[in-house]
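Only one structure is covered here, and it is reproduced in the block below.
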Amino acid sequence: MSAVYTASATATGDGRGGHTRSSDGVLDLDLAVPKEMGGPGGHLTNPEQLFAAGYAACFHSALKIVASKQKITLTDTAITVDVGIGPNGQGSFGLTIAIEAELPGIDETTARGLLDAAHQVCPYSNATRGNVDVTLTVA
């Protein structure tokens, strides 16, 4: 594969409780460990939120591409991605991912077909396939 775009970010400080900055400075954030993981939580983001946001945007784009190829017009759509983190039983941590699509005006069968097709196209889905449990649902 030949990359047409490469994003770069650097984490400093205390990892999950440190700071992250993209190479162009557009992303420049302090991070906090969520309370559920023993941290302070609060009004700072964390890696799982950043991953969920990126995955949601990427999956939404993939959904629009597959819908367009099938001559289906999507309006007022929304993709919500939940990223969970926890012990995987092997002495390390793993992720779970749940993707929920709101597709107003699209019947359940068509919506499910679009989700399955988008899941095959989305780069985040391809990166996690076989490594992370991903569930797809239609709202």
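Each residue of the sequence shown is one higher than the last, beginning at 253 in our numbering. Glycine is no exception: its CB is placed at the ideal position from the N, C-alpha and C atoms.
Starting from residue i, follow its DSSP beta bridges and name the residues at the other end.
i	result
Gly346	Gly338
Ile331	Ala353
May I have the straight-line CA-CA distance separating residue i from residue j, to the nearest angstrom?
i	j	result
Ile324	Ser275	38 angstroms
Thr361	Thr272	41 angstroms
Val318	Phe303	22 angstroms
Ser260	Lys321	31 angstroms
Gly350	Gly265	According to the sequence provided, residue 350 is Ala. The question's Gly does not apply to it. Near 30 angstroms, if we compare the C-alpha coordinates of Gly265 and Ala350.
Val333	Ala305	7 angstroms
Val285	Pro299	9 angstroms
Exposed or buried, what is residue i when buried is set at 16 or more other beta-carbons lying within 10 Å of its beta-carbon?
i	result
His295	exposed
Ala353	buried
Leu367	buried
Leu355	buried
Val256	exposed
Gly315	Here residue 315 is Leu; the residue named in the question, Gly, does not match the sequence. Buried, since its Cβ has 16 or more Cβ neighbours within 10 Å.
Pick helix, strand or coil for residue i, following the three-state DSSP scheme.
i	result
His295	coil
Arg364	helix
Thr389	strand
Ala369	helix
Thr380	helix
I'd like to check one pair, residue j with residue i: are the Cβ atoms closer than 8 angstroms?
i	j	result
Ile337	Ala308	no
Gly269	Ala263	no
Ala370	Val390	no
His312	Thr327	no
I want to check one thing, is the minimum distance from the CB of residue i to the heavy atoms of the ligand ATP below 7 angstroms?
i	result
Val335	Ligands in the displayed structure: none, and consequently the ligand ATP is not present.
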